[in-house]
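K.L.:
Position 176, counted from 1, in the sequence shown is what numbering that gives the first Met the number 0 calls 175; the numbers after and before it change by one each time, with no gaps. Here a beta-carbon is modelled for each residue, glycine too, at the ideal position from N, C-alpha and C.
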Amino acid sequence: MQTAFENKDYDFLSTLSTVVRSMSEGELLALQLSDQPLNFTEEIYYKIIFAKTASLIAAACKTSAIVSNGEPAVIEAITEYGRNVGMSFQIKDDIFDYSENSQIIGKPVGNDICEGKVTLPLIYALKIATEQEKKEIAELIRKQDISETDIKQIIEFTTKQGGIEYAMEKGRKFSQEAIKHINFLPDSDAKESLINFANYVIEREK
């Protein structure tokens, strides 16, 4: 019994230390690229949001499964569920920056843009833009005193390029991937709640 508790303590500490390291690495990567908007790729974006958000949710799910004395396969599945839900959650949060709904959650429209953050909607919009459009938008993002007019221009550009729809599609895929990881679990109220939550994080309005 004592050994079992010791193993759990080790798992908790190991998970916590991994999350702290991951979040630090994600923040560092974001800072390194903060003045290079055109160097942000979808792959880099996923690395950052995993490190800063999804890793934390995955860790919370993992530790919950450990406390519940879950089998290794269940712990792994719940951890992957948390990782994918975390990715979906952050993508939706980034989408709010381009929507009036962001004010509902206490986040001013264009707040990320104001801080020079390049997220998935804009990454996609820039990817399919002309070289001239890329140059113009990059100059706006780099401005130290970016104006409301500048922010509006970036939002309109991103929306016109289909960046919002693209990000929503990716977010839904992460939510569906989360659900796939727990499909093998027996039907229960808990499983239904997990499925509903995975769908909610991407479809929510606030």
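Would T52 and F88 be called neighbours here (beta carbons separated by less than 8 Å)?
P.N.:
yes
K.L.:
Take every Cβ of the stretch 132 to 140, pair it with every Cβ of the stretch 148 to 156, and state whether three or more of those distances are shorter than 8 Å.
P.N.:
yes
K.L.:
Is it true that the CB of A50 sits closer than 8 Å to the CB of T78?
P.N.:
no
K.L.:
Helix, strand or coil, according to DSSP, for I65 in the structure here?
P.N.:
helix
K.L.:
Please determine, among A166, A177, N110, the residue with the shortest C-alpha to C-alpha distance to E147.
P.N.:
N110
K.L.:
Since P120 is in the alpha helix (DSSP H), which residue starts that stretch and which ends it?
P.N.:
For P120, the enclosing alpha helix (DSSP H) stretches over residues 119 to 126.
K.L.:
What's the C-alpha gap between K142 and N38?
P.N.:
Rounded to whole angstroms, the gap between the alpha carbons of K142 and N38 is 17 Å.
K.L.:
I need the straight-line Cα distance from P185 to Q35, nearest angstrom please.
P.N.:
47 Å
K.L.:
Let me know the secondary structure DSSP gives V19 once reduced to three states.
P.N.:
helix
K.L.:
Nearest by alpha-carbon distance to Y45: which of I178, A29, D144 is it?
P.N.:
A29
K.L.:
Identify, in the order they occur along the chain, each residue of the same chain with its Cβ nearer than 8 Å to the Cβ of I194, setting aside the five sequence neighbours on each side.
P.N.:
I178, I181
K.L.:
For E41, which option in V84, A166, D188, K172 has the closest C-alpha, if you only look at C-alpha atoms?
P.N.:
A166
K.L.:
With distances taken between CB atoms, is the gap from I90 to G170 smaller than 8 Å?
P.N.:
Contact annotation: I90 and G170 have beta-carbon atoms nearer than 8 Å.
K.L.:
Work out the CA separation of F173 and N258 for me, nearest whole Å.
P.N.:
Coverage of the chain is limited to positions 0 through 205, which leaves residue 258 absent and any answer about it impossible.
K.L.:
Starting from the Cα of E202, find the closest Cα among L125, F183, Q175 and give me that residue.
P.N.:
Q175
K.L.:
At the level of alpha carbons, what is the spacing between A72 and E26?
P.N.:
31 Å
K.L.:
If you draw a straight line from the C-alpha of I259 to the C-alpha of D144, how long is it?
P.N.:
Nothing about residue 259 can be reported from this structure: the residues present for the chain run from 0 to 205 only.
K.L.:
Here's a check: name, in chain order, each residue in its chain whose Cβ is nearer than 7 Å to the Cβ of I127, leaving out the five neighbours to either side.
P.N.:
Q160
K.L.:
Roughly how many whole angstroms lie between the Cα atoms of E114 and V18?
P.N.:
24 Å
K.L.:
Please state whether DSSP places P71 in a helix, a strand or coil.
P.N.:
helix
K.L.:
Have a look at G69, I122, V66, G85 and flag the residue whose alpha-carbon is nearest the alpha-carbon of L32.
P.N.:
I122
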